[in-house]
Amino acid sequence: MILVSALPAASGYNTANMLYTKTPYDVQAYALHAWVAPPGDLLLPVIVKALTATGHFKAVVMAPFTGATTLQLQMTLLMLQQEFTQDNQSRVHLSIQANLLNTTTGRVLANRIFTAVVPAGADAYSGVLATNQAARQIAVQVQQMVVEKD
Numbered sequence: 002m003i004l005v006s007a008l009p010a011a012s013g014y015n016t017a018n019m020l021y022t023k024t025p026y027d028v029q030a031y032a033l034h035a036w037v038a039p040p041g042d043l044l045l046p047v048i049v050k051a052l053t054a055t056g057h058f059k060a061v062v063m064a065p066f067t068g069a070t071t072l073q074l075q076m077t078l079l080m081l082q083q084e085f086t087q088d089n090q091s092r093v094h095l096s097i098q099a100n101l102l103n104t105t106t107g108r109v110l111a112n113r114i115f116t117a118v119v120p121a122g123a124d125a126y127s128g129v130l131a132t133n134q135a136a137r138q139i140a141v142q143v144q145q146m147v148v149e150k151d
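What follows is the structure in structure tokens.
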């Protein structure tokens, strides 16, 4: 059984605002577009679903589960932003740090940063579509790490 902890975001990314940048280090929020919840809350079920789909675990549970588990997956959203290029196109950049812990021994089994960069168009909606694709890519990478290290 594995516990997947809440997915907090790094400073500046713990917001429901949809973020973009036209120049490096100048992150802005769309005025008329927002996520329905902070991105970490939206990404967590995607990763849980990917882990469940493996059939590798007796159960995949999320907080506030209070029972005993042998594994815990802790993640942090490092970056989620739409990056515009000079040709008025963009790409979505999603990065997550994941730590897999053996809760019995306290040992860290794996610690990795996963990144997906997906091309997008010139508007917020294309950024949403690219984010969905990036989330699926990250979920598969996390899934592979967890199954490999268990």
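So for the sequence shown, the numbering used here puts the first residue at 2; every next one is plus one.
Backbone N, C-alpha and C define an ideal beta-carbon position, used for all residues, glycine too.
These figures come from a predicted structure and were not determined experimentally.
Comparing C-alpha positions only, which one of the options sits nearest to residue i?
i	options	result
A99	L44, T70, D88 and T67	L44
S96	M2, L8 and G122	L8
A123	R108, R92 and W36	R92
S6	P39, V61, T24 and N15	V61
L1	Y14, D42, G68 and W36	Nothing about residue 1 can be reported from this structure: the residues present for the chain run from 2 to 151 only.
G13	T132, T77 and Q87	T77
Determine, using beta carbons only, whether residue i and residue j come nearer to each other than 8 angstroms.
i	j	result
V147	L74	yes
F58	I3	yes
Y26	N18	no
F85	T22	yes
A136	L79	no
A117	Q90	no
K150	A111	yes
L81	P46	no
Got a sec? Which residues, its chain only, sit under 6 angstroms from residue i by beta carbon, not counting five neighbours each side?
i	result
Q134	V119
G156	The displayed coordinates of the chain run from 2 to 151. Any statement about residue 156 would go beyond what the structure contains.
Below 8 angstroms on the Cβ atoms is my guess for residue i versus residue j; work out the distance and round it to an integer in Å.
i	j	result
T70	T24	The Cβ separation is near 44 angstroms, so there is no contact.
Just to confirm my understanding: we take residue i, look at its own chain, exclude 5 residues before and 5 after, and list those with CB closer than 8 angstroms. What are they?
i	result
A38	A17
R108	L102
Who are the Cβ neighbours of residue i in its own chain at under 7 angstroms, not counting the five residues just before and after it?
i	result
H34	M19 and A125
Touching by the beta-carbon criterion (3+ pairs, under 8 angstroms), the stretch 127-146 and the stretch 49-68 = In this structure the stretch 127-146 lies against the stretch 49-68, because at least three pairs of beta carbons, one per stretch, are closer than 8 angstroms.
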